[in-house]
Amino acid sequence: MVCRAIGTTLLCMGALTLLPLLICAIYGEELLPFVITSGIFFLAAGILLTFRPRVKEFFAKESFFIVSVVWIIVSAIGCLPFVLSGFIPNYIDAFFETVSGFTTTGATIIRDVEILPRGLLFWRSFTHWIGGMGVLVFVMAVLPVSRESSLLLARAEMPGPVVSKLVPKMQNTAVILYVTYFALSFLLFVLLVLGGMPVYDSIIHTFGTAGTGGFSIMNLSVGAYQSAYIQWVIAIFMLLFGINFNIYFFILLRDMRSVFKNEELRTYFIIVAVATALISTNLAMEGEKLSEAVRHGFFQVASIISTTGYSTANYDLWPTFSKFILFLLFFFGACAGSTSGGLKISRVVLCLKYIRSHITRSIYPRTVVLPRLNGKVVGQETLGMTAVYVIVYMIIVILCGLIISPDCPDMMTSLSASLTAISNVGPGFGGVGPMENYAGLSALSKIVLSLEMLLGRLEIFPMLACFSPLMYKRRRLK
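Just so we're aligned: the sequence shown equals residues 0 to 477 in numbering that gives the first Met the number 0.
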């Protein structure tokens with residue numbers, strides 16, 4: 000059943016690879032790299048689908064294994080167009096770029112992105128759009144998967160401390176999520192075209208914004224267009240794609256009560272408003288025009304908290320106060336159930352409530368404190384898992400930062416590179432700032448950061464579970 004699930008996913012990926020092949024045909028570019036890549040996807044899928052499963056269900060450990068292996072295989076094969084075309088001849092570099100695309104990180108090793116052919120640029124950004132909502136969520140939306148197995152796959156792939164179904168069948172939930180995703184993407188595309196951005200450029204930046212990835216076709220990112228309208232539109236949609244997609248379902252049902260009582264959503268907008276106000280004031284005090292300070296401040300806050308990584312200015316040159324606020328936003332991320340990375344606002348809120356409950360119990364030992372989120376009591380298991388997640392998150396950031404530090408010119412570069420990798424942000428500070436790239440790092444550092452990006456996108460535990468001996472015991476663990 001594991002082979003069948005992986006094979007089905009690779010079959011879908013083979014079909015999706017035909018889309019950049021069409022772009023190459025339209026612009027008269029070389030077709031062979033995508034023909035070979037698509038063929039390998041189909042061949043691998045055909046081999047795996049020959050296995051006839053004896054059971055139709057799988058359990059938690061199988062879902063963890065499937066999700067982890069799928070993302071690694073998809074990245075390993077998906078990087079071939081870059082290698083075969085000769086634009087990124089080094090396989091590790093191509094793998095890093097592709098993992099960065101699928102995990103919606105947006106970190107790049109390409110120094111001059113504007114020299115790449117349109118087909119490759121399309122594929123590079125299309126990986127954002129595919130990875131944003133999730134590779135296996137897409138599979139669940141288009142192919143039948145058993146009810147229990149589909150929920151386990153969703154829990155293993157979708158971000159957030161708790162994954163819930165919008166409707167009884169998880170497959171219908173996946174369809175609703177993707178319809179919402181497509182509708183928002185199409186609306187953004189139309190607004191960008193109306194703002195004067197060329198159609199091809201609008202498609203690329205729609206992929207990058209929707210997936211909160213941040214790959215651009217310009218070396219200066221969104222700032223290259225020098226359009227306040229385009230910057231405002233992309234900034235607003237970066238925030239919109241950072242919202243839990245369940246909220247849009249509630250809006251469609253006109254269940255505004257569930258929308259307004261959502262603590263994560265309120266906290267998300269409060270953080271954005273406060274961070275924008277502080278950075279804008281700081282930039283204005285340094286002599287920047289107020290209107291530009293607000294626009295650049297809002298854009299970078301939206302870009303960092305949504306973990307998109309687009310830029311309109313070199314924020315690495317901003318005052319220390321503004322840079323420190325952005326550094327904090329690297330940790331936060333946006334909402335659970337969105338396309339963004341980071342810790343997620345819900346986890347930050349739960350941690351603060353958990354700390355508050357412990358302080359209260361230390362003062363009043365007999366008091367029963369039940370932390371609540373959105374009006375519902377949060378179980379001790381969820382609180383414990385949240386605390387463990389944050390601790391493991393910090394340990395990974397420190398360890399990976401230490402491993403790559405010999406390749407970095409200073410501590411801020413190594414720390415921000417590690418943090419932005421696991422948070423799926425992309426650009427950091429110093430040697431990996433918004434106007435820099437990751438090309439100068441060694442092969443070891445790129446492999447470490449690639450694994451860190453995958454850990455962050457899959458919420459750490461599915462991949463860590465693959466290294467546990469319990470994963471390979473015959474006993475099934477639900």
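C-beta atoms are modelled at their ideal positions from N, C-alpha and C, and glycine is treated no differently.
Check, Outcome
"Should G521 and A44 be called a contact, given that it needs their Cβ atoms to be closer than 8 Å?", "Outside the modelled stretch of the chain, which goes from 0 to 477, sits residue 521, for which no answer is possible."
"For the alpha helix (DSSP H) containing C350, list its first residue and its last residue.", "344-362"
"Where does L372 sit, in a helix, a strand or coil, going by DSSP?", "strand"
"Ignore the nearest five residues each way along the sequence and tell me which others in K477's own chain have a CB closer than 7 Å to its CB.", "Low confidence applies to K477: its pLDDT is 44, below 50, so where it sits in the model is not reliable enough to give any reading."
"Tell me which residues share the same chain as T311 and place their Cβ nearer than 6 Å to its Cβ, disregarding the 5 neighbours each side in the sequence.", "V221, G222, Q230, H295, F298"
"According to the neighbour-count rule (16 or more other Cβ atoms, all chains shown, within 10 Å of its Cβ), is L398 buried or exposed?", "exposed"
"With respect to the alpha helix (DSSP H) encompassing R3, which residues constitute its N-terminal and C-terminal limits?", "1-15"
"Going along the chain, which residues of its own chain have a beta-carbon closer than 6 Å to the beta-carbon of L47, five neighbours each way excluded?", "C2, I5, G6"
"Thinking C-beta only, is G195 closer than 8 Å to S215?", "no"
"Under 6 Å Cβ to Cβ from L533, same chain only, skipping five residues before and after it: list those, please.", "The first residue shown for the chain is 0 and the last is 477, placing residue 533 beyond what the model contains."
"According to DSSP, is L30 helix, strand or coil?", "coil"
"By a C-beta neighbour count over all protein chains shown, 10 Å radius and 16 as the cutoff for buried, is S441 buried or exposed?", "exposed"
"In whole angstroms, what separates the C-alpha of A386 from that of G210?", "27 Å"
"Exposed or buried, H484, counting other C-beta atoms within 10 Å across all chains shown (16 or more means buried)?", "Any answer about residue 484 is impossible in this case: the structure gives the chain only from 0 up to 477."
"With the cut-off set at 8 Å, would you say E458 and V348 are in Cβ contact?", "no"
"Does the count of Cβ pairs from the region 108-122 and the region 13-33 closer than 8 Å reach three?", "yes"
"According to DSSP, is D406 part of a helix, a strand, or is it coil?", "helix"
"V128 and F206 look like a contact to me (Cβ under 8 Å); what is the Cβ gap, rounded to whole Å?", "Reading off the sequence shown, one finds Trp at residue 128, where the question assumed Val. W128 to F206, Cβ: 4 Å. Contact."
"Let me check understanding here. Comparing Cα to Cα, which of E451, P370, I324 lies closest to R355?", "P370"
"Indicate the three-state DSSP secondary structure (helix, strand or coil) for Q225 in the structure shown.", "coil"
"Grouping DSSP H, G and I as helix and E and B as strand, with all else coil, what is S339?", "coil"
"Is the CB of P80 under 8 Å away from at least one CB in chain C?", "Here there is only one protein chain, and chain C is not present."
"Kindly give me the distance between the Cβ atoms of L453 and V98, rounded to whole angstroms, as I take these residues to be in contact under 8 Å.", "6 Å"
"Starting from G100 and walking both ways along the alpha helix (DSSP H), at which residues does that stretch end?", "90-101"
"Report the residue from I303, Y247, L17, N218 whose alpha carbon sits nearest the alpha carbon of N436.", "N218"
"Contact between the region 333-353 and the region 364-384: three or more CB pairs below 8 Å?", "yes"
"T266 and G105 - do their beta-carbons sit closer together than 8 Å?", "no"
"Within its chain, find whatever has a CB closer than 6 Å to the CB of F236; leave out the 5 residues flanking it on each side and keep chain order.", "L187, T208"
"Cβ of T36 within 8 Å of Cβ of L9?", "no"
"Which class does K164 belong to by DSSP, given the choice of helix, strand or coil?", "Model confidence at K164 stands at a pLDDT of 49, short of 50, so the residue's coordinates are unreliable; what they give is reported in the following sentence. In this structure, K164 counts as coil in the three-state DSSP scheme."
"Short of 7 Å in beta carbon distance, which residues of its chain neighbour N261, apart from the five on each side in sequence? Order them along the chain.", "I246, N373"
"Kindly list the residues whose CB is nearer than 6 Å to the CB of N281, restricted to its own chain and excluding five residues on each side of it in sequence; keep chain order.", "P318, F320, S321"
"Taking the alpha-carbon of S74 as reference, which of E96, E61, G85 has the nearest alpha-carbon?", "E96"
"If you run the structure through DSSP and keep just helix, strand and coil, what is M452?", "helix"
"In terms of residues, what are the limits of the alpha helix (DSSP H) holding E113?", "No alpha helix (DSSP H) contains E113, which DSSP labels as neither H nor E."
"Here's the rule I'm using: 16 or more other beta-carbon atoms within 10 Å means buried, otherwise exposed. How should N423 be labelled?", "buried"
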